[in-house]
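**Q**
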Amino acid sequence: MSRIGVFICHCGENISRTVDVERVAAEVGKLPGVAFATDYKYMCSDPGQGLLKKAIREERLSHVVVAACSPRMHEKTFRKAVESAGLNPFLCEMANIREHCSWVHQDRKEATVKAIELVGMMVERVKKNRVLPTITVPVTKRALVIGGGIAGIQAALDIADAGYEVILVEREPSIGGHMAQLSETFPTLDCSQCIMTPKMVDVANHPRIRLYTYAEIERVEGYIGNFQVTVRRKARSVIEEKCTGCGVCMEKCPVKKIPNKFDQNLGMRPAIYVPFPQAVPNTPVIDRENCIKFKTGKCGVCRKVCGPGAVDYEQEDRLIVEPVGAIVVATGFDLYSIEEKPKGSPIKGYGEFGHGRIPDVIDGMTFERLASASGPTGGKILRPSDGREPKQIVFIQCVGSRAREKGISYCSKICCMYTAKHTMLYHHKVHDGQAYVFFMDARTPGKNYDEFWRRSIEEEEAVYIRGMVSRLYQKGDKIVVMGSDIAVGVQVEIEADMVVLATAVQPQKGADALAQKLGISYDKYNFYSEAHAKLRPVECATAGIYLAGACQGPKDIPDTVSQASAAAAKVIILFARDQLEREPIVARVREAGCVGCFYCKKVCPYGAVEEKEIRDRQGNLVKVVAYVNPGVCGGCGTCQATCPSKSVELDGYTDEQIVAMIEAL
Amino acid sequence: MHDNPIDTSIYAAVTEAIQGEARRILSEGHVAAVVGYAAARRKGSAQPVVVTRADDAGKLIFSAACVNNLAVYLTKARKEIPKSGKIGIVVKGCDLKALVGLMGESQLKREELYLIGVPCAGVLASTIQPDTALTAGTIAPKCRECDAHLPTGCDFVPARQPVTPELEKHYSAEIARLEAMTPAERWAYWKGQFKKCIKCYACRQVCPFCFCEQCLCDRNKPQMVETTPRPAGNFAWHIVRAMHLAGRCAGCAECERVCPMDIPLNLLNRKMAKELKELYDYEAGFEVREKGPLATYDEKDDQSFIK
Amino acid sequence: MHPEKTKHAFEPKIIAFVCTWCTYAGADLAGTSRMQYPANVRVLKFPCTGRIDPVFILKAFQQGADGVLVSGCHPGDCHYIAGNFHARRRFAAFRKLLEFVGVDLGRLQFSWVSAAEGGKWVEMVTGLTERVRLMGPMQEFKELALEEQWSGAINTPELQEAYNSI
Amino acid sequence: MTPRNILRYAYYPGCSLHASAGEYDLSTRELFKKLNIGLTEVPDWFCCGATPAHNVDELLSLSLCAKNLELAARVGGDLAVACAACFSRLKTTQHVLSESDVKRQQVEKAIDAPVPLNGNVKHLLDILARDLGLERLGQAVTKPLFGLKVACYYGCLLTRPPEVPNLDCVEAPTIMEDVLRAIGAETVAWSHRLECCGANFTLSRPGVVLQLSHAILDSAKAAGADCIMVACPLCHGNLDIRQKEIEGVYSTHYAMPVFYITQLVGLAAGLKADKLGLDALIVNPMPLLKEKGLL
């Protein structure tokens, strides 16, 4: 007979306000098998856990049910406590009477009845729980970092400096990401390239970082400590090992006028190119779509002029499999489009402000390139349409951000600050110019941030107009901006020479596809979800995968760097151990019942099911049955639901446990 | 209309060919045994037989009374079959589908079988005396919608073409009739049917696909399905059975033939087959496929029923 | 503060089979957001919808559930790569079977509710509860459970009395 | 059964087309006859309430449209609407009533009939560009309007509010331009395609209308347009009838003819000026049409 202990938590008043916890304890105490039932103010607190451990010892409890918050919150806490009291942790279950009961119901009677039933179900379930031994798996002490922006660079450097090998994968031909595109950074106005490029060089020179640029993640298999990652190295057409980065090929390339994405298509580049002069690696790539050799078969100038013979037109994509133990995802962000419907985006475009068809209406990143000393204009603010200096410039904030009607309700966080920076840069470069900013609210929390914003108004003479712009249109060579000033209550019309839109920060295109390869969750905008909004902000719910930077949500540089270092620390903590304990929620085959139809093998998403021969003592084959490799099993249980004879069972979710709960209804 | 005779004149020639082929493969040592049909004691009746000697090949027959699906003798009813060596088996088109399914489920290997296919115009319904002539009225319901009169992919098929008249489809009509009912009417119909069940498990015993060593429904930890022949347990048993056969059963209708209480069991199986055909364009039994419709998926599968 | 609560003559029993990664988390989010929904639902957590055997749904109805909700991750979001895809096929077939034997599919709801969709969880639970409340109790399985064996009708007063006293 | 390629519609002209915009009605009927598109005027139709009613009494405005929808449903087929304001009100009514059961019940009580919420309400533009199709429209052209530079003026109601008309993109529609290009005309890119002309304020606050319409005319002229094309009698009224006055107030000169879409398409389809009511326009289009050789 089981001796089950049931502990009902008040959670301060969070539960007890709606649920009559004493009554729950009293009712549950009557259930067969329950030896002890009590309630307590905070079960998760130290005294609460003490109470639990004491009861296990004194009441000789065989199983424990804690009725409190969601198991997603504290199951680990209580299982640990139970373990320290000498019981197998998997003999402890939680009934969720907070998120699923007290917080979602107001009627005390109904909520109490429901709580009693929920606890009752768990009592029946726990009776069928079995002792599960922990499974240990080895840890591969190498990390994969996806994304070579500032987040990925920082994480890679930290992990590598701790003594572990790092694979850094970047989609573009060079690392650097968006930070390499920026002109100067707030709140100090130091040059972005000056602080960024040394880090890029550090990455290139680090003995423990293997850099794959112009590469993407093809496939991810395995689990924490033991991932197998397939990287697709796209054909660069230049052999990295041979190239010296002299740049002659780029000089001689006959195709010169290809808009450079790095310069927001303002500058031009040849068909064989590095995106920017400080690129790491400084190895060019051939843009096969625009290269004459690839289009017509003629040309081949770059191969002729290349001294070391690094140009290779026949190069093909290569797939490389790398075993790693942890993954840091740092894929960063993209900017929202003001076009009607950007291709492949889950969110509709803004569909206003000229739809991207008015050349002098640009976004913030384009302004960064104009303001950058290494940019297409050499740091001069000039209009894309006619190259004239704009004397009146209008900045519009919250374009897409906080626009529920456009499908985005979040704040992009960085725009208030970078717009303030833009007004300053503009004022420094165009002394007789006037900047106007249309804004809803100025959000400037952060060290020295508000001071910076005030400076833009008080010292740099930017005119801030609280209100939104209704529309703008081209009139001659001016752009008429019509908006309202809600502080004064008048309509405003400004004839501007240039308009800069602070478009919303969005996840990178394809963020969802990558998440699906990694098996991590993401929100409706495709930002990756952290395991806990407050307490586990850098971990994914999927063990062994960590987040850094704007792929998780809009972030400025200091926040991104902090999170990257935090993610690196998490990886280093994982690598500090040789063996990893994994949850023993895995499928096991009952060989006696297995008839070897291998339905389990057919549906297993992990390929964890193998065929095992059973032989008698003489060595004659008796039958072939299924075998589940516990190291590979992900623990989904699809095999069990599919098995006709139920000869494979998922520990922790056995049919007995589930049917016990259903029967407790 | 119902008395319209069905031409079974080829069966004599087929019998002769089967005997000849069995004799050859047994005497040449191709196979260790041939599973087929032999005449039984009652006039005109037939029963399964395992022939291991070439001299006994003359026992083999094929007639409209050869109703059994012999596939079951290759799996769980293997007792009389030699443990090693290739086995020859006489199969009608409908039985072949079961064999094909069993191969897909790793229960049989094609290279261990010698398939003697039978051109078949139909067999008698289970309720008809074995010496009755085959007519539109006496033919088994499954034969009314047979699409495999001539088995394909066999090692040997007598070169005869069965004459197959167009018959009224029994199961399709029944499914349509039931589908037109209200849920309450359907419930009443099945309740009436399942009420009759005595849980003799003959349906399970005869089914080539019920090859589990221990049936889910016999387990008591946990007891998924009540075992006593009460209406609740009966209902659960038949639902579980139909679900487990979905995508696998190709309609040999042996369950229905052996049911002593005349429950239209194949009707459930045919309904599931129809749904899986409509949903995933899958038909069981035509080719050996590694994955049945419920062991695979397509990202674009219909999900109109999911909110 | 407390809205007027309507008393209903019939409070259905709703049982929800959910996966732990998406829908359970979505239901947690509904809780942390303090959304409100009818107290009729009892949630059973599974690692994945792929683990949910159709027999459980049958069992739930037999145990007196008036409505069953099955919910997991949206296609492509499965924590276990493809469990929900397998589940989708399995349930597509199973609901057709239930429909064919005369179960009103209004009592069986399938949904995708992600960890971010607390509101959708509330919508699903509320919708099903209200619908089933209108449909009334699921009598079919309950009556079946009360019925004796076909040959063993309770045909004597003593038996009837003994039966009633159980 | 009617073959698919034969188009038939119930037709709701709206009050303006029986009064100030008679030429719009005339040209619509003639053009559709020419294009072999059937129009059956909804018997007994009445005012939709247009721009003022819904500001005064929402239930009344919904009921007016609901009744008209109900009358149209008796004719059968999709409902063709010429006036942008009527179009907007009829669509809005369908939208509001399908969103709110309470309002639908109120309205159904008021008109004592069920409201047909699923019937298609289509603006003439939609019929020409999509139902008939640009290809077939092009085939019907006998006199392409080569060399005529047109500023397509949508006004505020054809695409707004975003959730209601579903005619085209809210901020960057192209349907008018598509139609015009199909008949050989040239369209200009200009900024005020979707601005408000002032609509009904023409009577109560003409000053507002003059200012707004002036901006529109100014912009069209700056873009190099020969003429403006509209699909709404209210817009037409303000741009055409008020043009002289605007010229006076703002001391400028436009002489910019304002055509209805059916007039231009009719012209291209070979209809004569008298069938299109071109003589009813206030700003005389004849000199322009003669200059371009389109008469």
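Chains as they are written, first to last, in numbering that gives the first Met the number 0: chain A, 0 to 664; chain B, 0 to 306; chain C, 0 to 165; chain D, 0 to 294. No residue lacks a Cβ here, since even glycine has one placed at the ideal position from N, Cα and C.
Hey, which unbroken runs of the beta strand (DSSP E) at 3 residues or more fall wholly within the stretch 111-187 of chain D?
**A** Listed in chain order, they are 120-122, 148-151.
**Q** So with Cβ pairs under 8 angstroms, would you call D:A198 a contact of chain A?
**A** No, its Cβ sits nowhere closer than 8 angstroms to a Cβ of chain A.
**Q** Let me see if you follow: with CB-CB separation under 8 angstroms, is A:E351 close to chain D or not?
**A** True, the Cβ-Cβ gap to chain D drops below 8 angstroms.
**Q** Check whether the Cβ of D:C47 lies closer than 7 angstroms to any heavy atom of the ligand ZN, and answer yes or no.
**A** In the structure shown, the ligand ZN is absent, as is every other ligand, since no ligand is present at all.
**Q** Buried or exposed: where does B:A179 fall if 16 or more other Cβ atoms within 10 Å of its Cβ makes it buried?
**A** Flag for B:A179 reads exposed.
**Q** So, are the CB atoms of A:S274 and A:P197 less than 8 angstroms apart?
**A** Residue 274 of chain A is actually Pro in this sequence, not Ser. Taking 8 angstroms as the Cβ cut-off, A:P274 and A:P197 do not qualify as a contacting pair.
**Q** Cβ of A:S236 within 8 angstroms of Cβ of A:L424?
**A** Contact flag unset, no.
**Q** Counting C-beta neighbours from all protein chains within 10 Å, is the total for C:Y162 16 or more, i.e. buried, or is it exposed?
**A** It counts as exposed.
**Q** So, helix, strand or coil for B:L25, using DSSP?
**A** Three-state DSSP puts B:L25 in a helix.
**Q** Hey, does B:M102 have any beta-carbon neighbour from chain C nearer than 8 angstroms?
**A** Not closer than 8 angstroms to any Cβ of chain C, the Cβ of B:M102 fails to qualify, so no.
**Q** Within the same chain, show all residues whose beta-carbon is closer than 6 angstroms to that of D:K274, passing over the 5 residues directly before and after it, in chain order.
**A** Within the same chain, D:K274 has close Cβ partners E29.
**Q** I'd like to know if B:A56 contacts chain G, where contact means its C-beta is closer than 8 angstroms to some C-beta of that chain.
**A** No chain G appears in this structure, whose protein chains are A, B, C and D.
**Q** So within the stretch 214-286 of chain A, which uninterrupted alpha helix (DSSP H) runs reach at least 4 residues, ignoring any that extend past its ends?
**A** Listed in chain order, they are 247-251.
**Q** Using a C-beta cutoff of 8 angstroms, does A:A659 count as contacting chain D?
**A** Not an interface residue.
**Q** Who are the near neighbours of B:A63 in its chain, counting only those whose CB is closer than 6 angstroms to its CB and skipping five residues on each side?
**A** So the list reads T7, V122, L123, L133, once near-sequence residues are dropped.
**Q** Check whether the Cβ of A:T637 lies closer than 8 angstroms to any Cβ atom in chain C.
**A** Chain C contact via Cβ: present.
**Q** Note down, one range per segment and in chain order, each beta strand (DSSP E) of at least 3 residues found wholly within the stretch 154-215 of chain A.
**A** For the stretch 154-215 of chain A, whole beta strand (DSSP E) runs of length 3 or above, ordered along the chain, are 164-168, 208-211.
**Q** Could you check the C-alpha separation between D:T1 and D:G37 for me, to the nearest Å?
**A** Unreliable placement is indicated for D:T1, whose pLDDT of 41 sits below 50; the coordinate value is still reported in the next sentence. When rounded, the distance between both Cα atoms is 12 angstroms.
**Q** Could you say which of B:K58, B:T14, B:Y36, B:A70 lies nearest to B:C209 if we only look at CA atoms?
**A** Nearest of B:K58, B:T14, B:Y36, B:A70 to B:C209, Cα basis: B:A70.
**Q** What do you reckon, are the CB atoms on B:C254 and B:V287 nearer than 8 angstroms?
**A** The answer is no: Cβ separation not under 8 angstroms.
**Q** Which chain D residues sit within Cβ distance under 7 angstroms of A:K474?
**A** S190, listed in chain order.
**Q** Would you say A:G226 and A:I326 are within 8 angstroms of each other, going by their C-beta atoms?
**A** The amino acid occupying residue 226 of chain A in the given sequence is Phe; Gly does not appear at that position. Yes, the Cβ-Cβ distance between A:F226 and A:I326 is below 8 angstroms.
**Q** Closest Cβ-Cβ distance between C:M137 and chain B: below 8 angstroms?
**A** So no, C:M137 is outside the interface.
**Q** Measure the CB-CB distance between B:V117 and B:V90 and report whether it falls below 8 angstroms.
**A** Yes, these two residues count as a Cβ contact at 8 angstroms.
**Q** What separation, rounded to the nearest whole angstrom, lies between the Cα atoms of A:T418 and A:S455?
**A** Distance between the alpha carbons of A:T418 and A:S455: 9 angstroms.
**Q** For my contact list, C:F45 and A:Y598 are in at a C-beta cut-off of 8 angstroms; report their separation, rounded to the angstrom.
**A** Not really, about 19 angstroms apart at Cβ, beyond 8 angstroms.
**Q** For the alpha helix (DSSP H) that contains B:R185, what are its first and last residues?
**A** Element bounds for B:R185: 182-194.
**Q** Which value, in whole angstroms, describes the spacing of the CA atoms of D:H53 and D:L59?
**A** Rounded to the nearest angstrom, the two C-alpha atoms are 7 angstroms apart.
**Q** Considering only residues of the same chain and omitting the five flanking positions on each side of A:L664, which have a CB-CB separation below 6 angstroms?
**A** So the list is empty, once near-sequence residues are dropped.
**Q** Does A:C301 come within less than 8 angstroms of chain B when only Cβ atoms are used?
**A** No, A:C301 lies away from the interface with chain B (no Cβ there is under 8 angstroms from its Cβ).
**Q** Going along chain B in order, which residues have a C-beta closer than 8 angstroms to the C-beta of A:S644?
**A** The answer, in chain order, is C211, E212, Q213, C214, L215.
**Q** Keeping to the same chain, check which residues put their C-beta closer than 6 angstroms to that of D:A128; ignore five residues upstream and five downstream.
**A** Result list for D:A128: I174, D177, V178, in chain order.
**Q** What is the DSSP secondary structure of C:P2, counted as helix, strand or coil?
**A** In this predicted model, C:P2 has a pLDDT of only 47, less than 50, meaning its place in the structure is not dependable; the value taken from the coordinates is given anyway. The answer is coil: DSSP assigns C:P2 none of H, G, I, E or B.
**Q** Against A:D522, what residues of chain C qualify as contacts under a CB-to-CB distance less than 7 angstroms, listed in chain order?
**A** Residues of chain C passing the Cβ test: A115.
**Q** Between C:Q108 and chain A, is there a C-beta pair that is closer than 8 angstroms?
**A** For C:Q108, the answer is no, since every Cβ of chain A falls outside 8 angstroms of its Cβ.
**Q** Using a C-beta to C-beta distance shorter than 7 angstroms, which residues of chain A count as neighbours of D:A150?
**A** Result: empty, since nearest Cβ-Cβ is about 13 angstroms, beyond 7 angstroms.
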